[in-house]
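All the letters of the sequence shown, read from the start, carry residue numbers -22 to -1, 1 to 388 under mature numbering (1 follows the signal peptide of the UniProt record, and there is no 0). First up is the structure itself, then whatever we jot down about it.
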Amino acid sequence: MSNPFPRVAVLAAVLLPHLSIAASLSLDEALRLATLRSETTRAARAGALSAKEAAHSAAQLPDPTLRVGIDNLPATGPDRFRTTRDSMTMKRIGISQEWLSADKRAARQAAADASVSRETLLVQAAAADTRRQTALAYVDAFYASESLKLARLMEHHAHEELEAARARLSSATGSSQEVLALSSARGTSEDETADALQQQGATGVAFQRWVGVLPDELQPPGAIALPSEEAYLASHPSVAAVQRDLEVARRTAAVTASDRTPNWTWEIAYGQRTGYGDMVSVGVSIPLPVAPGEKQDRNTAAQLALVEKAEADLAEAIRAATAEHRSLRNDAQRLEQRIERYRSGVVVPASQRTAAATGSYSSGQGSLVALFEARHAEVEAQRKLLVLQRDLARTQVQLAFRPLTAEVAQ
């Protein structure tokens, strides 16, 4: 049974710097934490270790068989069941060994090594999926926090403008309609803040599920390098997994084909007779494949059919991965265009509108309601921009973290 203390100690050493109340976490740190504490990856490592241990004995000969017996023991008459009265009665001890040819053992070792390669790939695939899920949760949590900041800013503006409207009403320079409108606007802003807070809480819980801690602040994800289509296909976990399955199927078919040649069993025995000379027996057992076309060849054909199935699965996996990359790449390009268009066509004019409304109110020509509406429109535009940026970041994460990268192989 393995000792879990070293893994726990390493995990604690990594987690401790982030347990402080004012901790700030980056995407790279979150990925490292998630990989260290991933039970899915640990389970895959155990599977790989099992395959490696099994591969060590794949090319070994079967264990020899000890054979002990008594030959020609009388069953009737006055000497029945006596081992020393009849000259033909012989005590025998021997050993037999089934022999596999070097080619057969090499084929079995190759099949075992292919299984090890497949299980090792599953470890990398589990780590890659953990990193991808963590990055997606990080993006959701980060942009939920940014949206909450904007909602709170809008609530703060609504509170300030309502207080100013009440002061204007007290001095007989304002109107009750203005106060009522801003009071309703403040209630709406408070509800929007509550909704944003709820979304932040949900995304925070989802993120904590991967890293184990919930810091007060997440750093911006930063630029994410996107792979080319060739690199994406070459390292796609589904494609790589089917490639390993195909190799295992081919090696297994080779083992099955080698079974058409039967294994010989050698035997040597030493016999002892009372009052007579001892004897040595040597023999060999050779299975006779009386109908190889109905047995061995059928088994080989069954394995070759699995090879054909794996080849078809590989072709389909490549098609699916190609379509996936092109779809995600197209989504990323479209979102980049939408962000630029939305920023220049909506966010910038909304900011200019707020500046104009602020100037009008300061000069006494504009109302507080108009100022609030301008600020609210600007904040809503910024929140919509955050949604687009979040969608772009999620798409980029799907592109960048789906393949098996060098970080996953470590």
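Note that the Cβ used here is the ideal one computed from N, Cα and C, for glycine as well. Note that this is a predicted model, so its numbers are computed, not measured.
Remark: C-beta atoms of residue 77 and residue 188 do not approach each other more closely than 8 Å. Put simply, the backbone Cα of residue 278 is about 16 Å away from that of residue 225. Collapsing the DSSP output to three states places residue 248 in a strand. DSSP lists 68 as the bridge partner or partners of residue 49. By the beta-carbon neighbour count (other beta carbons within 10 angstroms, threshold 16), residue 33 is buried. Taking C-beta atoms as the reference points, residue 366 and residue 292 fail to come closer than 8 Å. Non-local beta-carbon contacts of residue 89 in its own chain, meaning distances under 8 Å to residues more than five positions away in sequence, involve 36, 226, 229, 230, 232 and 233 in chain order. With contacts defined as CB atoms closer than 8 Å, residue 363 and residue 121 fail to qualify as a contacting pair. Distance check between residue 206 and each of 247, 374 and 330 places 374 closest, using alpha-carbon atoms only. When DSSP states are grouped into helix, strand and coil, residue 161 belongs to the helix group. Annotation: the continuous alpha helix (DSSP H) that includes residue 326 extends over 326 to 340. In this structure, DSSP gives residue 14 a helical state, which the three-state scheme calls helix. Burial state of residue 40 is exposed, judged by a 10 Å Cβ sphere holding fewer than 16 other Cβ atoms.
For residue 73, the three-state secondary structure derived from DSSP is strand. Residue 364 sits in a helix when the DSSP states are folded into three classes. Of the residues assessed, residue 303 falls on the buried side of the cut-off, its CB having 16 or more other CB atoms within 10 angstroms.
When only Cα atoms are considered, residue 48 and residue 84 end up about 39 Å apart.
Residue 101 is positioned such that its CB atom lies closer than 8 Å to that of residue 19.
Per DSSP, the unbroken alpha helix (DSSP H) holding residue 233 starts and ends at 215 to 236. Residue 378 sits close to residue 202, with the two beta carbons spaced by under 8 Å.
In the displayed model, residue 191 falls within coil according to three-state DSSP, outside both helix and strand.
Between residue 119 and residue 11 a beta carbon distance of about 14 Å is seen, past the 8 Å cut, so the two are scored as non-contacting. When the alpha-carbon of residue 133 is set against those of 351, 372 and 22, the nearest one is in 351. Residue environment analysis places residue 223 among the buried positions, since at least 16 neighbouring C-beta atoms fall within 10 angstroms of its C-beta. Secondary structure at residue 183: helix, using DSSP grouped into helix, strand and coil. As a beta-bridge residue in DSSP terms, residue 2 pairs with 195.
By the C-beta density criterion, residue 357 is buried, having at least 16 other C-beta atoms within 10 angstroms.
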